[in-house]
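Before any comments, here is the structure.
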Amino acid sequence: METLKGEHTYLRALEPEDLEFIHEIENNQDIWEISNTITPYSKFLIKQYLEQAHKDIFEVKQLRLVICNYDNVALGMIDLFDFDFKNRRAGVGILIKDSANRQKGHGKEALELLMNYCKLNLDMHQLYCNISEDNIMSQKLFKNHGFEIIGLKKDWNYIEGSYKNEYLLQILFK
Numbered sequence: 000m001e002t003l004k005g006e007h008t009y010l011r012a013l014e015p016e017d018l019e020f021i022h023e024i025e026n027n028q029d030i031w032e033i034s035n036t037i038t039p040y041s042k043f044l045i046k047q048y049l050e051q052a053h054k055d056i057f058e059v060k061q062l063r064l065v066i067c068n069y070d071n072v073a074l075g076m077i078d079l080f081d082f083d084f085k086n087r088r089a090g091v092g093i094l095i096k097d098s099a100n101r102q103k104g105h106g107k108e109a110l111e112l113l114m115n116y117c118k119l120n121l122d123m124h125q126l127y128c129n130i131s132e133d134n135i136m137s138q139k140l141f142k143n144h145g146f147e148i149i150g151l152k153k154d155w156n157y158i159e160g161s162y163k164n165e166y167l168l169q170i171l172f173k
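Going letter by letter, the sequence shown gives residues 0 to 173 in numbering that gives the first Met the number 0.
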């Protein structure tokens, strides 16, 4: 599907071979704050998840895609979650796994590809995301793609003994 292919990056469905990649991401405590995770995931649970990953977005209300470069290296993941077909909206989350691959345009291109897919293939009206107040790079990424801050959720996430605020950003497709 051409809507999921960019100049340097493409998005693909999850494959059974992604078990180690996802296991590393889900068990990296440095990013648990982003994913709102508090416990590790076993390979067994991730394998079960991958076995169900073929299900339709309309059934499971989620779409998780792998962000790859054209050397077929998995760089990260981009998700649609809380897919609401009736109201034509969903949340979006993005993660580039290794810091060495961040700020190189992969997240930017992946977000552009997903937004186009949402408009052209899913007939979405809006997307939203939740970003920690101190995650300046993610705020910049989404704002540069037309997302606007529409709210601040005070003391929203309890992280390492203190509360952090979280922004709610949204984009409406015309």
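Every residue, glycine too, gets a C-beta built ideally from N, C-alpha and C. Keep in mind that this is a model prediction, so the values were computed, not measured.
What separation, rounded to the nearest whole angstrom, lies between the Cα atoms of E50 and E16?
11 angstroms
When we look at the beta-carbon of N129 and count the other beta-carbons within 10 Å, is it buried (16 or more) or exposed?
buried
Looking at the strands, I want to know which residues DSSP matches up with K152.
E165
Please report the distance separating the alpha-carbon of R87 from that of E23.
32 angstroms
Alpha carbon to alpha carbon, what distance is there between N120 and L18?
28 angstroms
Kindly identify the DSSP beta-bridge partner or partners of Q28.
DSSP, once it has assigned bridges, lists no residue as partnering Q28.
If you draw a straight line from the alpha carbon of N175 to that of Y116, how long is it in whole angstroms?
Shown here, the chain extends from 0 to 173; a query on residue 175 therefore has no answer.
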